[in-house]
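When you line the sequence shown up against mature numbering (1 follows the signal peptide of the UniProt record, and there is no 0), it's residues -17 to -1, 1 to 148, in that order. The beta-carbon is built from N, C-alpha and C at its ideal position, and this holds for glycine as well.
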Amino acid sequence: MTSPRWMILVCFSLISANEQNSLPAIIAQMSRAIADSQVRSLGAQRSSLLRQVSGLHGPETHYSTGSQYAAVVKQKDVLQGQLNVFVRYNNYGWKYYRGSFYYVSTSTANWQASRNYCTARGADLVVVNDAFENNFTRGLKRKAWIGLYRSGSNWRWVDGSYLSS
């Protein structure tokens, strides 16, 4: 099992703070503000694409090919799908950071139970890929499990990769 110094990341085991001015409460407010801003931005992009698509309706003689229309519709569908995923995860308390979603659990558990909780939801304990992700997770200021475990004399991540220096 890992020592307490390795307890930092994604399917977090934590005790929720009830004070509105506490650091966790402030972080939660900031996360909601960022998420709301991202939702508004995606909504604005969607609206812009819908305006573009509605401007494309009409005789196909206005286009060099029908592929222009199809490309815009495809782009709109992709953005709509991304927006739907983002809103769904955001509504369930997931945090978005640099293209990934992170869930911070309010329950406490050991490493294996925490991992089982994550995998049951189609996720896993976090694999820290770079300094940015490390800083993001450390910024949560909570004790949590990361997806790092000892395999013999080596440390491995839950994705099978080895810990590098």
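Classify residue i as helix, strand or coil using the three-state DSSP reduction.
i, result
"L146", "coil"
"W77", "strand"
"A88", "One detail in the question is off: residue 88 reads as Ser in this sequence, not Ala. Note: S88 maps to coil in three-state DSSP."
"G49", "coil"
"V109", "coil"
"W93", "In the sequence as displayed, the identity of residue 93 is Asn instead of Trp. The answer is coil: DSSP assigns N93 none of H, G, I, E or B."
"L123", "coil"
"R15", "helix"
"A103", "coil"
If we count the other Cβ atoms within 10 Å of its Cβ and call it buried at 16 or more, is residue i buried or exposed?
i, result
"Y132", "buried"
"R104", "exposed"
"Y145", "exposed"
"N93", "exposed"
"N74", "exposed"
"V87", "buried"
"V61", "exposed"
"R23", "exposed"
"R125", "buried"
State the beta-bridge partners of residue i as determined by DSSP.
i, result
"W140", "L131"
"S83", "Y80"
Assuming residue i and residue j form a contact by the criterion Cβ under 8 Å, report the distance between their Cβ atoms to the nearest whole angstrom.
i, j, result
"V68", "D107", "The Cβ separation is near 18 Å, so there is no contact."
"Y79", "Q35", "That pair is no contact at about 26 Å."
"T102", "V111", "With a Cβ gap of about 18 Å, T102 and V111 do not count as contacting."
"G122", "L66", "Their Cβ separation, rounded to whole angstroms, is 26 Å, which puts G122 and L66 out of contact at 8 Å."
"N72", "V109", "Note that residue 72 is Tyr in the sequence shown, not Asn. Not confirmed; about 15 Å, so no contact."
"L32", "Q58", "6 Å"
Under the criterion of a Cβ to heavy atom distance below 8 Å, does residue i qualify as lining the ligand PLP?
i, result
"N112", "Annotation note on the ligand PLP: not contained in the displayed structure, which lists no ligands."
- Query: Is it a yes or a no for the region 83 to 98 touching the region 114 to 134, going by three-plus beta-carbon pairs under 8 Å?
  - Reply: yes
- Would you be able to state if there are at least three C-beta pairs under 8 Å between the region 14 to 32 and the region 70 to 84? yes
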